[in-house]
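Numbering (the UniProt record's numbering), first residue to last: 1 to 232.
What follows is a set of notes on a single structure, which appears directly below.
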C-alpha cells in the first residue's frame, strides 16, 4: 500500500488527467534536487520513495509517498498515469530503474525523464520507451572539465554537441564589431549576446562592438567553441 506522508491536493486526485504536476520517483541526490527545486518554484510535485528513512528526511519539506514504484499496482494507486511528467531518479539499481520506466511506458505516460548512470543503462531506457534520458554525473563532469580549464565562465551542452557558453572575448575581437571580427566565418560559432559591466544584457547584432571587459554568450558545437575559447 502506498503511504501518503504529505497530502497532495485532494482536488488533483479526482478524475483522470486532472493533475498538472510532476511525479518524481526516487529521492536520491538527483531526484531530491529536482523535487525540492520544483517545489520551491511553486510547481506541483509528488515524490515517491520506498525507503522510510529517506521519506522521513523529506516528509516535512515536499509531498512524499512511501511506495515501491517497481510495482504497477503501487503506481496505479498513486494515480501515476494522470501525471503528464514523471522523473525516474533511480540510479543505484538498474533493475528498479528499468522496471519503473517500463511500468510508466505501459501506462502511457506522456513525458518520462529517466536518470542513467552509464551509456548502456541509457540505451536500455531509450529502447523501452523513456522520452528523455539524463546523465547527471557525466554532464556535470563534462561541464566542470570545461570550466576548470579557465577559458569558460559557464558551459551548458544542450543536445548532440550543441552548446552555449559564457566567456571573455578573445583579444582579436576586442574593439571590433561582430561583423568586423567575422567570428562565425572564422570559427563557426555564433555570438548570441553581450553583457557589458553595469549594463543590461543585449542580444548581439553584426553592429555590436565588443570590448575587453564584456562577457559573451556564444553558441555552437562544443569542439568549435573550445577552439574559439582557446584564442588568446
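From the three backbone atoms N, C-alpha and C, an ideal C-beta is built for every residue, glycine too.
- The three-state secondary structure of residue 204, taken from DSSP, is coil.
- The beta-carbon distance between residue 215 and residue 166, rounded to whole angstroms, is 6 Å. This is short enough to meet the 8 Å contact definition.
- Beta-bridge annotation (DSSP): residue 132 is paired with 113.
- For residue 152, the closest alpha carbon among the candidates 48, 31, 222, 186 is that of 222.
- Measuring C-alpha to C-alpha distances from residue 118 to each of 112, 106, 133 identifies 133 as the nearest.
- Look at residue 209 here: in three-state DSSP terms it is strand.
- The region 201-208 makes no contact with the region 135-150; the number of CB pairs closer than 8 Å stays below 3.
- If you look at residue 47, you'll find it in the beta strand (DSSP E) that goes 45-49.
- By the Cβ-count criterion, residue 108 is exposed, with fewer than 16 other Cβ atoms from all chains shown falling within 10 Å of its own Cβ.
- Just so you know, the alpha carbons of residue 22 and residue 179 end up roughly 45 Å apart.
- In the displayed model, residue 32 falls within a helix according to three-state DSSP.
- A Cβ-Cβ contact shorter than 8 Å links residue 225 with residue 163.
- Bounds of the alpha helix (DSSP H) holding residue 102 are 94-107.
- Residues of the same chain with a CB within less than 7 Å of the CB of residue 231, apart from the 5 flanking positions on each side, are 170, 172 in chain order.
- Put simply, of 160, 40, 191, 28 the residue whose alpha carbon is nearest the alpha carbon of residue 91 is 28.
- Counting C-beta atoms within 10 angstroms of its own C-beta, residue 145 has fewer than 16 neighbours from the protein chains shown and is therefore classed as exposed.
- Counting along the chain, residue 223 sits inside the alpha helix (DSSP H) bounded by residues 222-229.
- CA-CA distance, residue 217 to residue 187, rounds to 15 Å.
- Excluding five sequence positions before and after residue 54, the CB atoms of its chain that fall closer than 6 Å to its own CB belong to 27, given in chain order.
- Secondary structure at residue 60: coil, using DSSP grouped into helix, strand and coil.
- Partner residues in the beta bridge of residue 195, as assigned by DSSP, are 215.
- Here residue 152 carries a strand assignment [DSSP, helix/strand/coil].
- In the DSSP assignment, residue 162 is bridged to 159, 221.
- Going by beta carbons, residue 116 and residue 174 fall outside the 8 Å limit.
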